[in-house]
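Please read the structure below before turning to the comments.
Number of protein chains: 2
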Amino acid sequence: MTRIVEPEAGPRSKRAAILTAAVDCFGETGFEATKWSTVAERVGIGQTALYHYFESKTHCLLTIMRVELQRSHDRFVEATKDAADPVEALRAAVRAAYDVSPQEVLQMRILQNHMDLLSGSRRSKREEDERVAARQLVQVVERDWTNLLVKGMSQGSFPLRDAQLLGASVLGLIVSVWRWYRPSGPTPLSEVSELIEGACVRMVAS
Amino acid sequence: MTRIVEPEAGPRSKRAAILTAAVDCFGETGFEATKWSTVAERVGIGQTALYHYFESKTHCLLTIMRVELQRSHDRFVEATKDAADPVEALRAAVRAAYDVSPQEVLQMRILQNHMDLLSGSRRSKREEDERVAARQLVQVVERDWTNLLVKGMSQGSFPLRDAQLLGASVLGLIVSVWRWYRPSGPTPLSEVSELIEGACVRMVAS
DNA sequence: AACTGAACTGAACTTAACTCAGGTTGATCT
DNA sequence: AGATCAACCTGAGTTAAGTTCAGTTCAGTT
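First to last, the protein sequences are chains W and G. Per the working numbering, residue 136 is the first one in the first sequence, and the count goes up by one each step. Per the working numbering, residue 136 is the first one in the second sequence, and the count goes up by one each step.
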């Protein structure tokens, strides 16, 4: 369990700017469809300067995914830490999952669209490190949900079921939204959040 | 609504063999990670022969996705056509979704991992045709589920809720399984099927 | 046997990611 | 202020994989 430390930013580092631009491009246009050089242009540097910060286009993608996973986990912990009962914790966790900025919507979309990257191992060290870190965070997040369910079940709030499988399903349900949701679309996120919150509670607690 | 007609196979056509090989490769290794030339090798032809059957690697992928979507729709219709009540129809539809061969598991995985391809339009005609056809089928499948819910709601079997949104959620829950499920994994598909079936009924009917 | 269209091939082309060898900049220290 | 050094950046060149092209082979038909 080696946690990746973010390279501390030198005063003229463009790392953050690159990540932001990459999230926009990858999120709107798709990872494969966006040229790495376009990201450079948007930041205002030559293409090769990107390699000062990231080993490859994929390394940048993996970084985005890892950061987003970390954020998801942090928010889950923050949201559930002082919930009275399991049902309230569940509700709070779902609401937290949809309490996101437009930028974070893109990050979730990117994350969901490239989960498969986390399976196969990578050639280069830094890429592989990010991949492993991201993979571990996926498991952490899955455990977050499973633990919530286990607690509720042992406490009698939820009927007994396979908590692992049910946890994965709840999580799958929640994140499936990011495949189709668009801020510009007809359905506001608040509406999604409410419906999914109810659905999760019924799934788990009835 | 122009439905793509499968090019009728000449007696020595390798189209089917290519699709099978591609499903194996794309499913196991991932689309980006598998070299188009590897597919050719596995079929036993030169790389350039592939272009006799498909305009591009992506065209092949889109074809796989469209075929799988068509299959999903057909199975849904078949499974629900003679169900007594809405709850039974719902149960039957979920069971049908998981009543699949190993090859079909791969196809679902490929489909789920590349849904984003269906958003942006394609340069060449044949690719674009496949994309549009696939997109339409996505909507058809979504309508399948929505209609099922609408019927159940109007019939009083399901409480009234946003059927569109709930339909998308149910579908999202069901297909989310294909991101992590592996035939070689610890959880048999029958177990998944039962848990999800229950979860869907609770989500929709309680 | 000549013909036809489907099936195929080797060599050349294209594109976008990436490497390299070196140049510039600016924060920091004396 | 001037020197220094690491961080930062660049243009030119390389590579790999998908794709195109200009034909060739093969099986069935007339």
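We put the CB at the ideal spot given by N, CA and C, even for glycine.
Test item: CB-CB of residue i and residue j under 9 Å
i: L252 of chain W; j: T193 of chain W; result: yes
i: C195 of chain G; j: L204 of chain G; result: no
i: N248 of chain G; j: G165 of chain G; result: yes
i: L324 of chain G; j: V240 of chain G; result: yes
i: V178 of chain G; j: A156 of chain G; result: yes
i: S304 of chain G; j: S341 of chain W; result: no
i: A228 of chain W; j: T137 of chain W; result: no
i: I153 of chain W; j: Y188 of chain W; result: yes
i: I309 of chain G; j: Q242 of chain G; result: no
i: R278 of chain W; j: R266 of chain W; result: no
i: S259 of chain G; j: E190 of chain G; result: yes
i: C335 of chain G; j: R210 of chain G; result: no
i: R337 of chain W; j: M338 of chain G; result: yes
i: L197 of chain G; j: E262 of chain G; result: yes
i: R317 of chain G; j: L272 of chain G; result: no
i: V275 of chain W; j: H208 of chain W; result: yes
Cross-chain neighbours of residue i in chain W, by beta carbon under 8 Å
i: R226 of chain G; result: Those do not exist, as R226 of chain G stays about 15 Å from chain W at its closest Cβ, beyond 8 Å.
i: L301 of chain G; result: L330, A334
i: A168 of chain G; result: G255
i: V285 of chain G; result: Neighbours of V285 of chain G on chain W: none; closest Cβ ~15 Å, over 8 Å.
i: A297 of chain G; result: According to the sequence as given, residue 297 of chain G is Asp; it is not Ala. E326, L330, listed in chain order.
Residue i, enclosing alpha helix (DSSP H) - first and last residue
i: D217 of chain G; result: Segment: none, D217 of chain G is in no alpha helix (DSSP H) and carries neither H nor E.
i: G287 of chain G; result: 260 to 289
i: V336 of chain W; result: 324 to 340
i: P142 of chain G; result: From DSSP, P142 of chain G is part of no alpha helix (DSSP H); its letter is neither H nor E.
i: G162 of chain G; result: 150 to 164
i: A303 of chain G; result: 298 to 315
i: P237 of chain W; result: 237 to 248
Contacts of residue i in chain G (Cβ-Cβ under 9 Å)
i: M338 of chain W; result: L308, G333, A334, C335, R337, M338
i: V327 of chain W; result: L300, S304
i: G165 of chain W; result: D251, L252, S254, G255
i: V312 of chain W; result: A303, S304, G307
Contacts of residue i in chain W (Cβ-Cβ under 7 Å)
i: S341 of chain G; result: R337, S341
i: W315 of chain G; result: A303
i: N248 of chain G; result: D251
Contacts that residue i makes with chain G (C-beta to C-beta distance below 7 Å)
i: D279 of chain W; result: Going along chain G, no residue has its Cβ under 7 Å from D279 of chain W, so there is no contact; the nearest lies around 16 Å.
i: A214 of chain W; result: Within 7 Å Cβ-Cβ: nothing; A214 of chain W doesn't reach chain G, min ~21 Å.
Residues that residue i contacts on chain G, provided the C-beta gap is smaller than 8 Å
i: T173 of chain W; result: By Cβ distance, chain G contributes nothing, its closest Cβ being about 14 Å from T173 of chain W, past 8 Å.
i: T322 of chain W; result: L300
Worksheet item: On the three-pair Cβ rule with 8 Å, is the segment 215 to 226 of chain G touching the segment 279 to 293 of chain G?
Response: Enough Cβ pairs lie closer than 8 Å, so yes.
Item to complete: Kindly provide the ranges of any beta strand (DSSP E) runs that are 3 or more residues long and lie completely inside the segment 170 to 215 of chain W, ordered along the chain.
Response: Annotation note: the segment 170 to 215 of chain W contains no uninterrupted beta strand (DSSP E) run of length 3 or greater.
Discussion item. With three or more C-beta pairs closer than 8 Å as the rule, is the segment 284 to 298 of chain W touching the segment 227 to 237 of chain W?
Written reply: Inter-segment contact for the segment 227 to 237 of chain W and the segment 284 to 298 of chain W is absent: fewer than three beta-carbon pairs are separated by less than 8 Å.
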